[in-house]
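Residue numbers (my numbering), protein chains in the order written: chain W, 1 to 152; chain G, 153 to 304.
All residues carry an ideal CB built from backbone N, CA and C; glycine is no exception.
For reference, the structure is listed below as structure tokens.
2 protein chains.
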Amino acid sequence: MEQLATNRDEAADARARGWLSGAGLRPTRQRRALALLLVGDGRDRHVTAESLFEAARETGERVSLATVYNTLKSFTEAGLLAEITVDGARSYYDTRVQDHAHYYWEPDGRLSDATTSPLGIEGLPEPPEGMEIARVDVVIRLRPARTGTPEA
Amino acid sequence: MEQLATNRDEAADARARGWLSGAGLRPTRQRRALALLLVGDGRDRHVTAESLFEAARETGERVSLATVYNTLKSFTEAGLLAEITVDGARSYYDTRVQDHAHYYWEPDGRLSDATTSPLGIEGLPEPPEGMEIARVDVVIRLRPARTGTPEA
DNA sequence: TTAAGTGCAAATTATTTGCAGTAAG
DNA sequence: CTTACTGCAAATAATTTGCACTTAA
Numbered sequence: 001m002e003q004l005a006t007n008r009d010e011a012a013d014a015r016a017r018g019w020l021s022g023a024g025l026r027p028t029r030q031r032r033a034l035a036l037l038l039v040g041d042g043r044d045r046h047v048t049a050e051s052l053f054e055a056a057r058e059t060g061e062r063v064s065l066a067t068v069y070n071t072l073k074s075f076t077e078a079g080l081l082a083e084i085t086v087d088g089a090r091s092y093y094d095t096r097v098q099d100h101a102h103y104y105w106e107p108d109g110r111l112s113d114a115t116t117s118p119l120g121i122e123g124l125p126e127p128p129e130g131m132e133i134a135r136v137d138v139v140i141r142l143r144p145a146r147t148g149t150p151e152a
Numbered sequence: 153m154e155q156l157a158t159n160r161d162e163a164a165d166a167r168a169r170g171w172l173s174g175a176g177l178r179p180t181r182q183r184r185a186l187a188l189l190l191v192g193d194g195r196d197r198h199v200t201a202e203s204l205f206e207a208a209r210e211t212g213e214r215v216s217l218a219t220v221y222n223t224l225k226s227f228t229e230a231g232l233l234a235e236i237t238v239d240g241a242r243s244y245y246d247t248r249v250q251d252h253a254h255y256y257w258e259p260d261g262r263l264s265d266a267t268t269s270p271l272g273i274e275g276l277p278e279p280p281e282g283m284e285i286a287r288v289d290v291v292i293r294l295r296p297a298r299t300g301t302p303e304a
């Protein structure tokens with residue numbers, strides 16, 4: 001068990017380090033810690049600066065909120081994360097960087113992936129002359145269904 | 153000409169008033185002024201609080217910025233406007249309230265309609281159990297094309 | 001009248017930045 | 001060594017709010 005845990009930790013750590021080095025970012029203690037939280041388990045994550053800051057300090061890491069903000073920005077500029085804006089206030093960061101739709105759960109302000117497939121928007125209009133599509137943001141806002149599933 | 157201008161103004165004013173009363177909102181001086189700017193000419197508009205505030209004071213209207221913010225919020229709650237979030241900072245308000253895709257012009261931070269038709273997203277995933285889709289936000293981010301039209 | 005709407009200025013929220021200290025290459 | 005990174009605390013930016021005043025119904 002100990003061994004397994006250690007192995008798993010080492011694998012996660014290796015993944016985090018590779019993630020950083022692959023983008024040419026200095027593997028500082030803070031960045032490694034945040035990278036570990038973001039991609040350590042290989043699953044996709046959607047975080048806000050605040051939520052990642054919380055997660056970090058829950059593991060006992062010493063990181064300042066400003067650094068979390070700056071780090072998320074660096075990661076995004078390096079192409080490691082995608083920034084998603086939903087509410088006008090908070091910014092969400094997604095470890096899955098290719099275009100894909102998101103669910104925004106209005107009740108609890110959470111963000112999650114809407115599909116596993118790369119999404120097919122059929123009616124996508126042609127970009128105007130001299131312009132190209134940098135990215136397509138699709139946010140599907142969810143609210144509790146009023147009909148269908150009875151609340152009883 | 154005088155006559156025509158007056159007629160046009162009256163028509164615009166009537167439209168603005170009808171727009172407000174249709175939503176059961178009190179037609180105060182400030183609201184009528186803002187409504188006039190928003191729907192006076194019957195065309196769709198995309199504004200920010202700041203841009204509408206500017207537009208208002210350019211016509212000589214006395215409206216405070218706070219009131220513009222509050223008014224845009226009221227209009228949105230009344231279903232007269234749709235709020236669109238693009239950059240995480242600014243909020244845009246659209247006089248066209250049904251779901252439709254938007255172009256976001258990265259170079260100048262402007263927002264415009266992407267299509268005239270209601271947009272067909274084919275691959276839209278089914279909403280999760282107990283949830284329904286409140287709205288689908290689609291923002292197509294445009295940047296200057298690097299290829300295609302030569303810059304010479 | 002009287003509750004809703006308005007205008008300040010102060011308060012909030014999310015994020016950025018300046019700068020002195022710390023650490024990676 | 002030397003340049004990038006980090007951590008505060010202060011600065012911004014967009015938006016909201018408290019409260020006295022005004023106005024539409």
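> What does DSSP give as the partner residues of G/Leu263 in its beta bridges?
Replying inline: G/Tyr256
inquiry  = Can you check whether the C-beta of G/Pro179 is within less than 7 Å of a C-beta belonging to chain W?
reply    = Interface criterion not met: the Cβ of G/Pro179 is under 7 Å from no Cβ in chain W.
Quiz item: For G/Pro296, which beta-bridge partners are listed by DSSP?
Solution: Looking at the DSSP output, G/Pro296 shares a beta bridge with W/Met131.
Item to complete: On a CA-only basis, which of G/Ser216, G/Arg248 and G/Ala164 is nearest G/Asp364? Give me that one, please.
Response: Past the edges of chain G, shown from 153 to 304, lies residue 364 of chain G, and the structure says nothing about it.
Worksheet item: What does DSSP give as the partner residues of G/Val288 in its beta bridges?
Response: W/Ile140
DSSP-derived helix/strand/coil call for W/Val47 | strand
Checklist entry - Pick from W/Val138, W/Arg62 and W/Val63: whose alpha carbon is nearest that of W/Gln98? => result W/Val138
Closest to W/Pro144 by CA distance: which of W/Gly130, W/Gly109 and W/Asp113 is it? W/Gly109
* To do: For W/Arg141, go through chain G and note every residue whose CB falls closer than 8 Å to its CB, in chain order.
  => Ile285, Ala286, Arg287, Val288 and Asp289
Q) On the three-state DSSP scale, how would you describe G/Tyr223? A) Tyr is not the amino acid found at residue 223 of chain G; the sequence shown has Thr there. If DSSP states are grouped into helix, strand and coil, G/Thr223 belongs with the helices.
message = Going by DSSP in three states, W/Thr28 sits in which element: helix, strand or coil?
response = coil
- Which whole-angstrom value describes the C-beta separation of W/Leu38 and W/Ala56, a residue pair presumed to lie in contact below a C-beta threshold of 8 Å? Not a contact, Cβ separation roughly 10 Å.
| Does the region 28-35 of chain W come close enough to the region 51-68 of chain W to have 3 or more Cβ pairs within less than 8 Å? | yes
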